[in-house]
Every structure is written in C-alpha cells, then in structure tokens.
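> As numbered in this note's numbering, residues 807 to 1086 make up the sequence shown, in order.
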Amino acid sequence: SAKQHGRNQFAFFQPQMTEEIREHLEIQQGIKEAIDKDYLYLDYQPLYSMESGQMIGAEALLRWRHPIKGLLSPARFIPIIEESDLIEDVTRWVANRAARDLKKILDLREHFSVAINISGAALHQLEMCEYICELKQHLALPDKTLSIEITETSMISHLDSCEAVLRRWKRAGIDIWIDDFGTGYSSLAYLNSLSIDGLKIDQSFVHNLIDGHSRPLIDAMIALADSLSIGTVAEGIETDRQHEELKAMGVEYGQGFGLARPMRIDALMQLLETEENVRP
Ligand code: C2E
Ligand code: MG
Ligand code: MG
Ligand code: MG
C-alpha cells in the first residue's frame, strides 16, 4: 500500500488523483455548456454492403469541439459522462440530431439506416426508449431506419430485465446491433432473445485477420450469426486485403477507414448524391 512505501509515495499519488478528479469535473460540468452552445456535433461513418458495394447506412459518432481542450474524442469523454445522469442529456441530443439528419438522407435515399451508440444506462431507461420512439413518430421515420448499437457489457448489469428491454426497443421499430462483439464478458444467452438484428465484429479481430490468429474466431462469429439468422458487420477495415478476405468469408457489411472515414453530414449527403458510394 501507499502507507507501506512511506510518505513520499503517498504524496506522489495524491496530485495524480486530484488531476483525474479535476478532469472528470471539467468534463461533467462542461458537457451542459457544450449542449447549450452547440459545441457538439456528429460525424457519420458509412456502412457498406460487402456484396454490392452500396452504402446502406451510417453510424453516428459524437464529437465535442471544446473551446480550450480542442477536439475531444468520445472514447475520452463518454466513459466520464456515463458515470453521471448527464449521459441521458447527451443521448437525447445525439438521438435528436441523428434522427433529423436521417430524415434529410431519406429524402435522397429510400433505403438507409442511421445507427446511434447507446450506453448501458440509457438502454435500460424506459423514458429513453419512449423519447426516441416519439422522435421517430414525430419525424415519421419508417421502421428499421433508426438503429442502436449496444455493447455486450451493457447487458450484464441488467441481465434479468435485459430481454424485456430489448423487446421494447424492437417493438418500437428500432434495430439492435451488438457493438464490439467478441470483446465483452457476457454470456451469449441474450442472443436468443430474438431481438438482436446483428453483430458488429470488433475491429481488433479484423486487424489481426491477416497476420494474427483471429480468422477462426471471425469464422465462428459469422457461423453464429448465420445460425441465428442475424447480420454481421466487420468493423475497422483498413486495407483492401482485409476487405477482400472478409467478403470471401461471408461477412455481410463492412465499415472502416479503408472504406470511408467518419465525416460531417454534408459530406455524407454529397457522397450519396454523387454515387461515389458504390465500391467495386
Ligand atoms: P464504436 O461505436 O465501436 O465506433 C467505432 C470507432 O472506431 C469510432 O471511433 C471510429 O472512428 C473508429 N474506427 C472506424 N473505422 C476504423 C478503422 O478502420 N480503424 C480504426 N483504428 N478505427 C476505426 P470514435 O468515433 O472515436 O468512437 C469511439 C467510441 O466512442 C465508439 O466506438 C463508441 O463506443 C463511443 N461513442 C461514439 N459516439 C457515441 C455516442 O453518441 N454515444 C455513446 N454512448 N457512445 C459513443
Ligand atoms: Mg458503434
Ligand atoms: Mg464498435
Ligand atoms: Mg468501440
């Protein structure tokens, strides 16, 4: 312990802890201002059909342009926001913006879906599901055009209510995808709930496909999805080689910097208009 190592050690740890607490406070206090002053925005990363090369949807990814800290990545601030009720405000903001952007896209393309990432706490909130459902109705968004991405981990905290919760989202016409699949610690039991629409194979498996040992694991995930008649997305495709292999292995959809980087809504609309979205 710190005590055993003497006073100096203890004195060394303390400023670090204070620094972390300060950062957490700054993020949590700053996010309200960020919502009010429009410091938040969404980037969209396209999703492609492996078979046709068509862009079939996009994932909304949150960004925070902080006046002092610069551009903040969600990987840095979302886990901190998730520790507080503020995640509800953030999720509502994301859902609102994404739903309105989706409405614009659907004027251009009849078949398109936009996915938003939903934190565990928000997923299990009755009011959140109702809020997004009303938003969907208000904007007259057809079923299956708005989808959510949730993690395996977000289900273990609420195992007993999980099935009912997933069914509620599903009944609202919202598709449910498991994000970062293969990296969590949950059982696979929830996959039997019949509410899951697909698995997003985590990018770590894709990155280790060619030189590493993940091929049998990806094969197993595809077989699992096939046997449940649900979809598959390979995340984090960076090279043509990965793209070709994954297509040959039978993955349904692909996403990654090698296909398209996350981009602002205007750029996404432009890409859709010019039909550059069709990849060989
Ligand atoms: P995620 O949902 O798994 O999103 C994919 C992340 O991988 C994104 O990072 C994306 O930019 C990145 N990525 C995509 N293709 C590639 C690739 O080929 N190579 C590499 N190295 N990375 C790639 P980003 O935007 O920084 O988001 C990080 C995470 O933050 C997301 O992971 C998601 O868990 C979370 N997040 C983002 N937006 C939201 C949000 O609105 N709400 C919640 N609750 N979480 C969010
Ligand atoms: Mg995601
Ligand atoms: Mg992911
Ligand atoms: Mg992730």
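Glycine included, each C-beta is placed from N, C-alpha and C at the ideal position. Nothing here was measured: the structure is a model prediction, and the numbers come from that model.
1. If you draw a straight line from the C-alpha of Arg813 to the C-alpha of Ile827, how long is it?
2. Take Glu865 and list the residues in its own chain whose beta-carbon comes closer than 6 Å to its own, dropping the five residues that flank it on each side.
3. Please look up how many angstroms separate the CB atoms of Leu997 and Leu1034, rounded, as I've assumed it's under 8 Å.
4. I'd like the list of long-range same chain contacts for Ser1001, defined as Cβ closer than 8 Å, with 5 residues on each side in sequence excluded.
5. Below 7 Å CB to CB, which residues in the same chain sit around Ala840 once its five sequence neighbours on both sides are set aside?
6. With distance defined between alpha-carbon atoms, name the residue in Ala1031, Glu829, Ile980 and Gln931 nearest to Ile954.
7. At a cut-off of 6 Å, would you count Asp1046 as near ligand 2, judging by its Cβ distance to the nearest heavy atom?
8. Go ahead and label Gly1018 buried or exposed: buried means 16 or more other beta carbons lie within 10 angstroms of its beta carbon, across all protein chains shown.
9. At a threshold of 6 Å, does Asp981 count as lining ligand 3 (C-beta to nearest heavy atom)?
10. How would you label Ala946, buried or exposed, when you count the other beta carbons within 10 angstroms and need 16 or more for buried?
11. Answer yes or no: do Leu1078 and Arg915 have a C-beta to C-beta separation smaller than 7 Å?
12. Would you check if the segment 1051 to 1069 and the segment 1003 to 1022 touch, i.e. whether three or more CB-CB distances between them fall below 8 Å?
13. Report the residue from Thr1045, Glu1044 and Met1027 whose alpha carbon sits nearest the alpha carbon of Gly1037.
14. Would DSSP call His872 helix, strand or coil?
15. Apart from the five residues on each side of it in sequence, which residues of its chain come closer than 6 Å, Cβ to Cβ, to Ser992?
16. Determine, using beta carbons only, whether Ala905 and Leu941 come nearer to each other than 7 Å.
17. On the three-state DSSP scale, how would you describe Pro948?
18. Assign Leu1052 to buried or exposed, taking buried as 16 or more other Cβ atoms, counted over all protein chains shown, within 10 Å of its Cβ.
19. What is the residue span of the alpha helix (DSSP H) that Gly926 lies within?
20. Using a Cβ-Cβ cut-off of 8 Å (strictly less than) and excluding sequence neighbours within five positions of Ser890, which residues of its own chain qualify?
21. How is the alpha helix (DSSP H) around Asp1072 delimited, first residue to last?
22. Going by DSSP, what residue range makes up the beta strand (DSSP E) through Val971?
23. Would you say the beta carbon of Pro873 comes nearer than 6 Å to a heavy atom of ligand 1?
24. Output yes or no for whether 7 Å exceeds the beta carbon distance between Val1057 and Met856.
25. For Met823, count neighbouring C-beta atoms within 10 Å of its own C-beta (all shown protein chains included) and say buried if the count is 16 or more, exposed if not.
26. Along the chain, where does the alpha helix (DSSP H) that runs through Asp981 open and close?
On the basis of the data shown:
1. Residue confidence for Arg813 is low, a pLDDT of 49 falling below 50, so the modelled location carries little weight; the figure read from the coordinates is stated next. One C-alpha to the other measures close to 21 Å.
2. Gln851 and Ala921
3. 6 Å
4. Glu969, Leu972, Arg973, Trp975, Lys976 and Ile982
5. Leu846 and Trp870
6. Ile980
7. no
8. exposed
9. Answer for Asp981: no, Cβ out of range of ligand 3.
10. Under this definition Ala946 is an exposed residue.
11. yes
12. yes
13. Of the candidates Thr1045, Glu1044 and Met1027, the one whose C-alpha sits nearest the C-alpha of Gly1037 is Met1027.
14. Of the three classes helix, strand and coil, the one that applies to His872 here is strand, per DSSP.
15. Glu958, Met961 and Ile962
16. yes
17. coil
18. buried
19. Unbroken alpha helix (DSSP H) run through Gly926: Gly926 to Leu929.
20. These residues qualify, in order along the chain: Gln834.
21. Ile1071 to Thr1080
22. Val971 -> not in any beta strand (DSSP E); alpha helix (DSSP H) instead, spanning Leu965 to Arg977.
23. no
24. Contact annotation: Val1057 and Met856 have beta-carbon atoms nearer than 7 Å.
25. exposed
26. Boundaries for Asp981: no alpha helix (DSSP H) harbours it, while the beta strand (DSSP E) harbouring it runs Asp981 to Phe987, taken from the DSSP string.
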